[in-house]
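The structure under discussion appears below in the form of C-alpha cells.
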Amino acid sequence: MGMKVRFITSNRGKFEELKEIGRGFGVDIEWVEMEYLEPQGSDLEFVARKSAEMLSGAVEPPFFIEDSGLFIDALHGFPGVYSSFVFKTIGNDGILKLMEGVEDRRARFVCVIAFSDGEQVRTFTGEVEGQIAREKRGEHGFGYDPIFEVDGRTFAEMGEKKNELSHRRRAAEKFFSWLAKNF
Ligand SMILES: O=c1[nH]c(=O)c2ncn([C@@H]3O[C@H](COP(=O)(O)OP(=O)(O)OP(=O)(O)O)[C@@H](O)[C@H]3O)c2[nH]1
Ligand SMILES: [Mg+2]
1 MGMKVRFITS
11 NRGKFEELKE
21 IGRGFGVDIE
31 WVEMEYLEPQ
41 GSDLEFVARK
51 SAEMLSGAVE
61 PPFFIEDSGL
71 FIDALHGFPG
81 VYSSFVFKTI
91 GNDGILKLME
101 GVEDRRARFV
111 CVIAFSDGEQ
121 VRTFTGEVEG
131 QIAREKRGEH
141 GFGYDPIFEV
151 DGRTFAEMGE
161 KKNELSHRRR
171 AAEKFFSWLA
181 KNF
C-alpha cells in the first residue's frame, strides 16, 4: 500500500468517501474520529486552514481535515460555512421549506481539504454545481445528499457514482496528486 495519512473528522460519511477515493490513488486513509472546535469564519478555506493550524498542536502531523458546505444561490450562500449546524438543526426539511416556491434552485457543494505536515498547512478545494431538489430523493450518502441534484439525480440516488463527481472527489484528486509528488 502506498502513502498512509490520518484524517481527523467526526463524520463517518466523509471518511468512507475519502477512503474509497484514496484507494484509486494508492493513498490509505486512517480515520481519527474526533470532534474539533471550528473557528467561525466567513469562508470555508479560512475555517479549514485555521482548524488545521489549531489541531497541529494537539495531533501528531501529518494529518488532514476537511470542511465542506452547501451554498444556495437564492439564499445568498446559506447554509455555507454553517452547513453542519444547519443540518443538525433544521435539516433537509428546513432547507426545502426555505426554498418553497423559489424558482432559482442553483446551489453548489464546496469541499476544502487542509493538510498539515507540522510546518505548514496547505489547502485543496473542490466544488460541484447542482440544484436543490423539490423533495428528498434517494437512500445513499449522508447529510444534504437527498436534496442536492446534478443533472436531475440527487447525490443520494447516485450511490457510488457520487464519488466520481462530488466536491469531495475534486478536492481529494488535487490533494492526493500533490501528496504523491511531495511526500
Ligand atoms: O449531503 C451531503 N453530502 C456531502 O457530500 C457533504 N459534505 C458535507 N456535508 C454536510 O455539510 C456539513 C459539513 O460540515 P463539516 O464540514 O463541519 O462536517 P461535520 O461537522 O459533519 O464533520 P467534521 O469533519 O467537521 O468533523 C455537514 O452537515 C455535512 O453532513 C455534506 N452533506
Ligand atoms: Mg464540522
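For what it's worth, the numbering used here labels the leading residue of the sequence shown as 1, then goes sequentially.
By construction, the Cβ of each residue, glycine as well, lies at the ideal position given by its N, Cα and C atoms.
Predicted model, so just to flag it, every value in this text is computed and none were measured.
Ligand 1 has no heavy atom closer than 7 Å to the beta-carbon of residue 175. When secondary structure is reduced to three states using DSSP, residue 30 falls in the strand class. If you ignore the 5 residues before and after residue 56, its C-beta comes within less than 7 Å of the C-beta of 116 and 118, all in its own chain and listed in chain order. One alpha carbon belongs to residue 88, the other to residue 180, and they sit about 36 Å apart.
Taking C-alpha positions only, residue 23 is separated from residue 29 by approximately 9 Å. In this structure, residue 112 sits away from residue 63, with a CB-CB distance that is not shorter than 8 Å.
With a cutoff of 8 Å on beta-carbon distance, residue 172 and residue 121 are scored as not near each other. With contacts defined by Cβ atoms closer than 8 Å, residue 157 and residue 137 form a contacting pair.
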